[in-house]
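Structure, as structure tokens:
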Amino acid sequence: MSVRPGSFTLGGRQYSPAASLLLATPFLLMIVLAFLLPLAMLLRESMFVPSFTTANYEKVFDEPVYLRVMFRTLRISVLVTVITLLLAYPLAALMARARGLLLGLLLLAVLLPLWTSVLVRTYAWLVLLQRNGLLNDLLLGLGLIKAPMQLLRTEGAVVLAMSHVLLPFMVLPLYAALRAIPDDYVRAARMLGAGSLSVFRHVVLPLSLSGISAGCLMVFLMAMGFFVTPALIGGPQQMMLATLVQQQVTELLSWPFAGALVGVLLAFVLALVLLFNRVVRLDRFVGQA
Amino acid sequence: MIRDLCKSYGSDPAVKNLTLDVRRGEFLALLGPSGSGKTTLLMTIAGFDFPDSGAIEIGGKDVTWMAPNKRDLGMVFQRYTLFPHMSVLDNIAFPLRMRKVSRADREARARAALKTVRLEGYGDRKPSQLSGGQQQRIALARAIVYNPQVLLMDEPLSALDKTLREEMQVEIKQLQRQLGVTVVFVTHDQSEALTMADRIAVLNFGELQQVGSPKTLYEEPASAFVAGFIGETNFWPAQVTADVDAGREVEVELEGGERATVLATHTLQRNQSARIAIRPEHILIGAGRDKGGVTATIDDAIYAGSVTTLLLRTKGPMVRVRQASPATSGDMTPSGAISLTWEARHARAYPLS
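As given, the protein sequences belong to chains Y and F, one line each in that order.
For the first sequence, the residue numbers in our numbering are 5 to 293.
For the second sequence, the residue numbers in our numbering are 7 to 359.
The structure is reproduced here in structure tokens:
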């Protein structure tokens, strides 16, 4: 069957370009009205109100306090990405080999947190980490420490809680990628003389690269703009970019500067995605998974 | 090489007490219907599965519990298993790389293997750019490049279309002769086994039915199952009329009431029920009332080029007879009664189990 450009097929039916557009209209409307338009207005505020100015952007880069927030956001996001990758890969590998009840339980363990509000999960960490919380009580009870430790409002706590919250977004693409590798590849490699480690290095790892890149990109981008968890777990010393933007808007009513911060974040993230896409060729994996 | 091997999954025995000796340099086909245990057997030889009891030796060394990558075997799988992220040449060089062969050496050997399967010039391509037949040839090159002791093949041609499959059968056979490598080839396709193998091991329900050359299996099948599974056979229920030792001729009463002389494959007793197996090409057609013949009428004639298959109605079952097609058309289907005869050694009586 020949496919006209702009048309697509679904369930064996071919849709004309006009029908495709019609079907996508609600989604496009929402994107434009609820995302692109407010974003454009905010960016306009940062540069063209009342007349063209770059002062807001200069402020972002001139004041060390804002630069520190930016670097902290970047550092925490990279850390969270690395930690979730290291935690998720073995789990996803186990899930890819599991069948039946075990697979169901593992999937539930991954998905259940995802169905729970981020706020609830963050408060759980508050309960665990506070001064007279579970962890401090446990360590005191075991006699490992003499006085309760300061756990909340540390960067470690922020990284820990964010890694937990974002873990499913790493597990799921890894699981999908690992599951798609046929057993026969592993068998063939074993047969050809590869030990378990070589099979992993030369066959499983390269073939799961699509899942690794998808998971890392997703977790990293979400971490860069994460609000709830760092705002609740961290203090002013652990402030991340999203919290800073919120502060500028709700406390200082400084829309233009908030717009500049968003603009910088957006530019940085876009540049990163484009670079990533060039290096890893994301589109090449889309049809493969 | 394989001794007293037993393997069961749950309460279902997949392989029962199987002993099989594969000779160095031979092409052995493991033939059987699905569920006969041939794949289980191959996986156990390969080391992906372990037996409940028994032992496997390769080249005099017990490998029953050895990891697959230590067994020095080659394998070509049913599905295409070239690594999609490596070039064709890197795929072929992979086993050499695992064996710590130097870069220059492994490239030279990989190129030589590529030449052996007549795909020089394809080294830089990705597997996805090759056809199914080419991919299996590369997989073959990858499996022989390190000169393994035994090459295992798990229905490697089953995904290919018929013409290509027949071409590859001959090609693999020639390559095997040329390299002198020992091959164990799993297939459910009896014509493939007959075409390629030096010897065929027929399996059914996890039991070894018969091992022998294609000619032996076709002409002297040891059991009714082998007779039915390899080539085409007419089965005719009958009653034995006298006690007889294995290998002797005996007169039987065929279903339908007529009598014929057949060869007893086992020791049979008077009045024992038996099945007579006769190949379609071993039945001779005579006119009207030949002495000692079995009467029949022609129901239909199926012309298939060089041969014609006749469907005959007898007093017993329907019988198929194959003859060379006559040079002139017509006179193939006389409507009257005809008489069927055969040499006694071609009609083999098996006890009804």
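Think of the CB as a built atom: it goes at the ideal place given N, C-alpha and C, for glycine as much as any other residue.
Everything numeric in this text was worked out from a predicted model, so none of it was measured.
Looking only at its own chain, which residues have a Cβ that is under 7 angstroms from the Cβ of residue i, when we skip the five neighbours before and after it?
| i | result |
| --- | --- |
| F:Glu-32 | Thr-188, Asp-204 and Arg-205 |
| Y:Gly-137 | Val-131 |
| F:Thr-46 | Lys-13, Ala-20, Val-21 and Asp-55 |
| Y:Leu-170 | Val-84, Thr-88, Val-223, Met-226 and Ala-227 |
| F:Ala-330 | Ser-312 and Val-313 |
| F:Asp-78 | Pro-154 and Gln-155 |
| Y:Ala-235 | Thr-247 |
| F:Arg-103 | Arg-112 |
| F:Pro-358 | Rather than Pro, the amino acid found at residue 358 of chain F in this sequence is Leu. Same-chain partners within the cutoff: Ser-279, Ala-280 and Arg-281. |
| Y:Thr-77 | Met-228, Met-244 and Leu-245 |
| F:Thr-193 | Ala-35, Leu-37, Glu-161 and Ala-199 |
| Y:Thr-57 | Met-51 |
| Y:Ala-293 | No answer about Y:Ala-293 holds up, because its pLDDT of 33 lies below 50 and its placement is not dependable. |
Excluding the 5 residues flanking residue i on each side, which residues of the same chain have their C-beta closer than 6 angstroms to its C-beta?
| i | result |
| --- | --- |
| Y:Ile-185 | Leu-211 |
| Y:Leu-115 | none |
| Y:Gln-242 | Glu-159 and Val-162 |
| Y:Phe-173 | Met-222 and Val-223 |
| Y:Leu-306 | Since the displayed chain Y opens at 5 and closes at 293, residue 306 of chain Y lies outside it and no answer follows. |
| F:Thr-315 | Ile-308, Arg-326 and Arg-328 |
| F:Asp-305 | Leu-317 and Arg-319 |
| Y:Leu-276 | none |
Could you round the C-beta distance between residue i and residue j to whole angstroms and report it? I think they count as a contact, below 8 angstroms.
| i | j | result |
| --- | --- | --- |
| F:Leu-163 | F:Gln-140 | Wrong, their Cβ atoms sit about 13 angstroms apart, outside the cutoff. |
| F:Glu-226 | F:Ala-244 | At roughly 19 angstroms, the Cβ-Cβ gap does not stay under 8 angstroms, so F:Glu-226 and F:Ala-244 are not in contact. |
| F:Arg-360 | F:Ala-302 | It is not possible to answer for residue 360 of chain F, since the shown part of chain F is limited to 7 through 359. |
| F:Val-94 | F:Ile-144 | 5 angstroms |
| Y:Leu-265 | Y:Gln-252 | 7 angstroms |
| F:Glu-238 | F:Arg-285 | 7 angstroms |
| Y:Ser-50 | Y:Pro-260 | 5 angstroms |
| F:Ala-138 | F:Ala-119 | Note that residue 138 of chain F is Gly in the sequence shown, not Ala. Actually they are not in contact, since the Cβ atoms of F:Gly-138 and F:Ala-119 sit about 19 angstroms apart, beyond 8 angstroms. |
| F:Glu-264 | F:Lys-321 | 6 angstroms |
| F:Met-202 | F:Ala-61 | That belief does not hold up - the Cβ atoms of F:Met-202 and F:Ala-61 are roughly 28 angstroms apart, past 8 angstroms. |
| Y:Leu-47 | Y:Gly-229 | The Cβ separation is near 15 angstroms, so there is no contact. |
| F:Arg-281 | F:Phe-241 | 5 angstroms |
| F:Leu-209 | F:Gly-43 | 5 angstroms |
| F:Ala-215 | F:Ser-229 | Looking at the sequence itself, residue 215 of chain F is Gln, so the reference to Ala does not match. 6 angstroms between Cβ atoms; contact. |
| F:Thr-271 | F:Glu-255 | Actually they are not in contact, since the Cβ atoms of F:Thr-271 and F:Glu-255 sit about 11 angstroms apart, beyond 8 angstroms. |
| Y:Leu-156 | Y:Leu-133 | 5 angstroms |
| F:Glu-261 | F:Pro-323 | 7 angstroms |
Under 8 angstroms between the Cβ atoms of residue i and residue j?
| i | j | result |
| --- | --- | --- |
| F:Tyr-356 | F:Ala-252 | no |
| F:Phe-100 | Y:Leu-245 | no |
| F:Met-81 | F:Gly-53 | no |
| F:Phe-191 | Y:Ala-192 | no |
| Y:Leu-95 | Y:Val-175 | yes |
| F:Pro-74 | Y:Arg-194 | yes |
| F:Ala-199 | F:Leu-26 | no |
| F:Ala-233 | F:Arg-354 | yes |
| Y:Gly-145 | Y:Pro-177 | no |
| Y:Val-207 | Y:Tyr-179 | no |
| F:Leu-158 | F:Thr-122 | no |
| Y:Gly-165 | Y:Thr-120 | As written in the sequence, residue 165 of chain Y is Ala, which differs from the Gly given in the question. In this structure, Y:Thr-120 does not lie closer than 8 angstroms to Y:Ala-165 by Cβ. |
| F:Leu-274 | F:Val-300 | no |
| F:Thr-347 | F:Leu-290 | yes |
| F:Arg-183 | F:Tyr-152 | no |
| F:Ala-116 | F:Ile-98 | yes |
Among the residues of its own chain, which have a CB less than 8 angstroms from the CB of residue i, if the five just before and after it don't count?
| i | result |
| --- | --- |
| Y:Val-122 | Val-169, Val-232 and Thr-233 |
| F:Glu-349 | His-288 |
| Y:Met-5 | Caution is warranted here: a pLDDT of 46 is assigned to Y:Met-5, below 50, making its placement in the model unreliable, and no coordinate value can be reported. |
| Y:Lys-63 | Tyr-70, Phe-261 and Ala-264 |
| Y:Leu-27 | Tyr-19 |
How would you list, in chain order, the residues of chain A whose beta-carbon sits under 7 angstroms from the beta-carbon of residue i?
| i | result |
| --- | --- |
| F:Pro-101 | Going by chain labels, chain A is absent from the structure shown, which instead holds the protein chains Y and F. |
With hydrogens ignored, establish whether the beta-carbon of residue i is closer than 7 angstroms to any heavy atom of the ligand HEM.
| i | result |
| --- | --- |
| F:Asn-153 | As presented, the structure is devoid of all ligands, the ligand HEM included, so that no description of it is given. |
Checklist line | Members of the region 50 to 69 of chain F that neighbour chain Y once the beta carbon cut-off is set at 7 angstroms | finding: Ala-52 and Phe-54
Item checked: chain F contacts made by the region 164 to 189 of chain Y, where a contact means CB separation under 8 angstroms -> Pro-186, Asp-188 and Tyr-189
Check: Which residues, in order along the region 105 to 123 of chain F, keep a beta-carbon less than 8 angstroms from a beta-carbon of chain Y?
Finding: Arg-105
Next item on the list: Count the C-beta pairs between the region 99 to 110 of chain Y and the region 178 to 193 of chain Y that are closer than 8 angstroms, then say yes if the count reaches three, no if not.
Entry: yes
Item checked: Contact set between the region 85 to 96 of chain F and chain Y, restricted to residues whose Cβ is under 9 angstroms from the partner -> Arg-85, Tyr-86, Thr-87, Leu-88, Phe-89, Pro-90, His-91 and Met-92
Notebook entry, point to check: Which residues, in order along the region 198 to 227 of chain Y, keep a beta-carbon less than 9 angstroms from a beta-carbon of chain F?
Noted result: Ala-198, Gly-199, Ser-200, Ser-202, Val-203, His-206, Val-207, Pro-210, Leu-211 and Leu-213
Margin query: Against chain Y, which members of the region 306 to 319 of chain F pass a CB distance test of less than 8 angstroms?
Written below: none
Margin query: So if I threshold CB-CB distances at 7 angstroms, which residues from the region 252 to 266 of chain Y count as touching chain F?
Written below: none
Notebook entry, point to check: Of the residues that make up the region 136 to 148 of chain F, which ones have a beta carbon closer than 9 angstroms to any beta carbon in chain Y?
Noted result: Ala-145 and Arg-148
Item checked: the region 58 to 73 of chain Y: positions lying closer than 9 angstroms to chain F by Cβ -> none
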